[in-house]
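Q: Please find one structure pasted underneath; my questions will follow.
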């Protein structure tokens, strides 16, 4: 079979949110703080890795944010799917939450009354434009290094939500280990592909077998 023309190379990237962290479990705004995964979060990564190994194409490389919750999620999945190429890229970090990092919504409402309801953010909170710009640069870097390949990225909920909205125009929230495919060709540029919720698929399968209620 002849090689695909270089101007038609399709690069596929699956971006997933990390597993549950200790601050996810306690409802604290994380931003670029670095709480670790909970035992549940580590198990979520193992389960998602098993599903990805059977349901998704082979990945050439696993790229993760350098924050621990994403890095360990990526390392765990890479081990399960047998991918030895694991890279860190700080461009995939969560958006910086400034003074809100480490606070619960209750604490934010006390210290910053009215901000959440008005969708306002404190002065040092990273802007949507900044987060979107660096995440787009991270996607473009993957294409430059892995054109025509298939890449798994482990990032964060805020980054994933903003990139999905940026490229699809639609809003979508992503729980732990959920994500979206992104595709690129030189002629058509970027587009959003299908959504993927591995843990939901696993739960549905277990229910179908009667293993869980």
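In the numbering used here, the protein residues as written are 402 to 614. We put the beta carbon where it would ideally sit given N, CA and C, even for glycine. Here the structure is a predicted model, which means the values were calculated and not measured.
Jot down the residue ranges of each uninterrupted beta strand (DSSP E) in the region 458 to 502, minimum 3 residues, whole runs only, in chain order.
A: Runs found: 462 to 465 and 487 to 489.
Q: Could you tell me which uninterrupted alpha helix (DSSP H) segments, each at least 4 residues in length, are contained entirely in the region 531 to 591, listed from first to last along the chain?
A: 558 to 569
Q: For residue 429, which three-state DSSP category applies?
A: If DSSP states are grouped into helix, strand and coil, residue 429 belongs with the strands.
Q: Alpha carbon to alpha carbon, how far is residue 418 from residue 588? Give it in angstroms, no decimals.
A: 29 angstroms
Q: Grouping DSSP H, G and I as helix and E and B as strand, with all else coil, what is residue 413?
A: strand
Q: Start and end of the alpha helix (DSSP H) containing residue 446?
A: 440 to 456
Q: Taking the alpha carbon of residue 432 as the point to measure from, which residue in 502, 585 and 443 has its own alpha carbon closest?
A: Comparing Cα-Cα distances from residue 432 to each of 502, 585 and 443, the minimum goes to 502.
Q: Specify, as a first and last residue, the run of the alpha helix (DSSP H) that residue 507 falls within.
A: 506 to 512
Q: If you draw a straight line from the alpha carbon of residue 424 to that of residue 430, how long is it in whole angstroms?
A: Distance between residue 424 and residue 430, taken at the CA atoms: about 7 angstroms.
Q: Would you call the region 513 to 525 and the region 445 to 463 touching, i.e. three or more CB-CB distances under 8 angstroms?
A: no
Q: Who are the near neighbours of residue 523 in its chain, counting only those whose CB is closer than 7 angstroms to its CB and skipping five residues on each side?
A: When the five nearest sequence neighbours on each side are left out, the beta carbons in the same chain lying within less than 7 angstroms of the beta carbon of residue 523 are those of 499, 500, 501 and 513, in order along the chain.
Q: What does DSSP give as the partner residue(s) for residue 418 in the beta ladder?
A: 556
Q: To the nearest angstrom, report how far apart residue 525 and residue 466 are at their CA atoms.
A: Residue 525 and residue 466: Cα-Cα distance of roughly 21 angstroms.
Q: Report all residues from its chain with a CB closer than 7 angstroms to the CB of residue 583; omit the five preceding and five following residues, and keep chain order.
A: 414, 416, 540, 568, 591, 593 and 594
Q: Whose CA, out of 458, 600 and 468, lies closest to the CA of residue 552?
A: 458
Q: Less than 8 angstroms between the CB atoms is what I'm expecting for residue 488 and residue 464, so what's the real figure, rounded?
A: 5 angstroms
Q: Is DSSP giving residue 611 helix, strand or coil here?
A: Any reading at residue 611 is ruled out, since the residue's pLDDT is 40, under 50, leaving its predicted position unreliable.
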